[in-house]
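Asker:
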Amino acid sequence: MAKKKNMNIKKGDVVRVIAGKDKGAEGKVISVLAEQDRVIVEGVNRIKRHTKVVNQGGRAGTTGGIVTQEAAIHVSNVMLLVDAPKGGDDKGKVTSRIGFRRDEVTKRRPDGSTYTAQRSVRIARKSGEEI
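Residues in the sequence shown are numbered from 1 upward in steps of one, following UniProt numbering.
(1) Could you tell me the distance, in whole angstroms, from the CA atom of ALA117 to the CA atom of ASP103?
(2) Quick one: what does DSSP say VAL44 is sitting in, helix, strand or coil?
(3) Let me make sure I understand the geometry here. Which of VAL44, ASN55 and SER96 has the alpha-carbon closest to that of THR68?
(4) Within 10 angstroms of the Cβ of GLY92, are there 16 or more other Cβ atoms? Answer buried if so, exposed if not.
(5) Given this structure, state the Cα-to-Cα distance separating VAL32 from SER120, to the nearest angstrom.
(6) For MET79, which residues of its own chain have a beta-carbon under 8 Å away from its beta-carbon, when the five flanking residues on both sides are left out?
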């Protein structure tokens, strides 16, 4: 059985491309392909795919032609965008590496009693804020 890979970029994150033909482009992560270490980013790495006309009968099955869609990009070529740290010269969004922090949380059992547990949260290394 293959070992599960830990990817810090998640679906829905806003990222900036840091390498390749679309360097500097920003977009939202549509999907994460953990097995191949790749992500699909909205509006980035667009390719034209030629699709065949399929006649399945009726009105539904006659689609075909050239379709433009996003292709996967390696996860090492993107960086997470976060709000600029307060007190810095940067305005708006900046790229940041991702770290993890363990936080103590209080949980409640169905019978009403409480206990403490730890929860892992993603943090931006640049600002230290929770993502």
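Built from N, CA and C at the ideal position, the CB exists for glycine as well.
Answerer: To lay it out plainly:
(1) For the purposes of this step, residue 117 is taken as the residue at position 117 of the sequence shown. For the purposes of this step, residue 103 is taken as the residue at position 103 of the sequence shown. Going from the Cα of ALA117 to the Cα of ASP103 covers about 8 Å.
(2) Looking up residue 44 in the sequence shown gives position 44. If DSSP states are grouped into helix, strand and coil, VAL44 belongs with coil.
(3) Counting from one through the sequence shown, the residue named residue 68 turns up at place 68. Looking at the Cα atoms, VAL44 is the closest of the given residues.
(4) In the sequence shown, the residue the question calls residue 92 occupies position 92. Classification for GLY92: exposed.
(5) Translated into the one-based positions of the sequence shown, residue 32 becomes position 32. Translated into the one-based positions of the sequence shown, residue 120 becomes position 120. Roughly 20 Å between the two C-alpha positions.
(6) Here the question's residue 79 lines up with position 79 in the sequence shown. Closer than 8 Å at Cβ, skipping near neighbours: VAL15, ARG16, ILE18, THR95, SER96 and ARG97.
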